[in-house]
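In UniProt numbering, the protein residues as written are 2 to 465.
What follows is one structure encoded as structure tokens, with my remarks underneath.
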Ligand code: 4AD
Ligand code: MG
């Protein structure tokens, strides 16, 4: 077996010990003294390992033809490095070329700085770059930390379905799933297809949120969460919207809005701390190349209490700011991303928990406050990106719920199973949804959610 590069660099092998490493060439440099330096990366950590190839190697001519992207297997001994930038390196006794790059001049990932937009066109090759490698490791660290956080607190991970009939957010942004072709029902351009025949006779969509499903398990298992892909058919071409994104949705029984606001704060602190501790190498890169503030702000987030603010107060702050916003502010409007960013970046300078929004801009399931005008909702707004979390206490009172459904013109029949939860042993409960890509973007400082998910899906873009 061969050693991951990270083990070699972290000194798991003694100086002089023989190791085998396998990976891809990032760079090769030949010295006048008749030896070559090959930087080999295998994804296990940010840094490549430096391999010294002496001209006494039987295939040294091959070594001199190595270019970025070639796959090699190296057997050699661990040495203290004379050069700068690394403590340990490997002096090769053999270098086998496992896979050549057929034409180095046209290899898209040649070792130079590429724009992030350029890399997006090579979703299959960009994981070989520094930046996407670092994003991938941080993303993995965050998802492991999220599962660990909930597991340590006694939450059960519930697998909620991807195919569903429910429009959880009621925003009409569902992708339709169709078996019409299989059922030989003709499609026409005139729109007169009977969509009620979808999915073998039942109208079916891709889920926008696992919340309604996870609420059912919450009303039995008490503390649960779902973590999976969700889909939104909204035609938003922005740096924070994807048509397919991952969401973490905890749901807690016998809990109110304040309880889940605290849960969200604890979770964000826990996972940011994990990244600072476990991915210092990648974070140093982001601080150097992407956003110099990125480590400081995580350290600050971990240490300080989140600011809580009422929507109504936020409107007053925005009005008093003297700023000319593209969308005017008045009580009752939804906050746009420029409002959110002003509040988080300029007014507070840290994430904010925004609470108690007007009921008319929020989903049907949110619990009506005593004022009759607002609901027990919260969003967490982060500098640089805006909303990363949306959550609420749920309406557990059947009569109030039914009244809300009726006012919103929704059909009781469609919510019969959801209403059952309010009929049989109903309890106060609350939860939230964390947009995973927005979290990864916030933590890494990456500007666009398309660069923190392996294969971004945006309107008109689902190749690979
Ligand atoms: O605010 P949203 O729509 O809330 C829900 O779906 C609730 N059912 C969650 C719950 O209470 N269980 O979405 C939650 C989060 C947002 O705050 C945002 O971070 C992310 O999901 N999100 C998106 N991320 C990327 N692309 C999109 N198109 C997104 N839409 C929402
Ligand atoms: Mg929201």
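Cβ coordinates follow ideal geometry from the N, Cα and C atoms, glycine included.
- request: Taking all protein chains shown into account, decide if residue 430 is buried (16 or more other Cβ within 10 angstroms of its Cβ) or exposed.
  value: buried
- prompt: By Cβ distance, which residues of its chain are closer than 6 Å to residue 1, with the 5 residues on each side in sequence left out?
  reply: Past the boundaries of the shown model lies residue 1; the chain is included only from 2 to 465, so the question cannot be answered.
- prompt: Can you give the beta carbon distance from residue 383 to residue 345, rounded, assuming they're within the 8 Å contact cut?
  reply: 6 Å
message: Let me see if you follow: with CB-CB separation under 9 Å, is residue 11 close to chain B or not?
response: Considering every chain present, this structure includes no chain B. It has just one protein chain.
Residue 68 vs residue 26 beta-carbon contact at 9 Å: yes
- prompt: Excluding the five sequence neighbours on either side, which residues of its own chain have a C-beta within less than 6 Å of the C-beta of residue 150, listed in chain order?
  reply: 268 and 271
query: Can residue 388 be considered in contact with ligand 2, in the sense that its beta carbon sits closer than 8 Å to one or more heavy atoms?
result: yes
task: Kindly indicate the opening and closing residues of the beta strand (DSSP E) around residue 387.
output: 387–394
- prompt: Taking three-plus beta-carbon pairs below 8 Å as touching, is the stretch 26–41 in contact with the stretch 49–59?
  reply: yes
- prompt: Do you know whose CA, among 77, 364 and 212, lies nearest residue 17's CA?
  reply: 77
query: Run through DSSP, which three-state label would residue 42 get?
result: strand
- request: Give me whichever residues DSSP pairs with residue 284 in a beta bridge.
  value: Partner(s): none; residue 284 has no beta bridge.
query: Which residues share a DSSP beta bridge with residue 381?
result: 354 and 390
field: DSSP three-state assignment for residue 409, whether helix, strand or coil
entry: coil
query: Can you tell me whether residue 106 is buried or exposed, with buried defined as 16 or more other CB within 10 angstroms of its CB?
result: exposed
- prompt: If you run the structure through DSSP and keep just helix, strand and coil, what is residue 433?
  reply: strand
- request: Identify, in the order they occur along the chain, each residue of the same chain with its Cβ nearer than 8 Å to the Cβ of residue 229, setting aside the five sequence neighbours on each side.
  value: 160, 161, 163, 211, 247 and 248
field: Contact between the stretch 236–245 and the stretch 276–288 (3+ Cβ pairs under 8 Å)
entry: no
- request: Would you identify the three-state DSSP class for residue 80, choosing helix, strand or coil?
  value: strand
message: Are there any heavy atoms of ligand 1 lying less than 8 Å away from the beta-carbon of residue 243, as far as the coordinates show?
response: yes
query: Measuring CA to CA, which of 402, 434 and 443 is closest to residue 423?
result: 402
query: What are the boundary residues of the beta strand (DSSP E) that includes residue 23?
result: 19–32
field: Per DSSP, cross-strand counterpart(s) of residue 310
entry: 355
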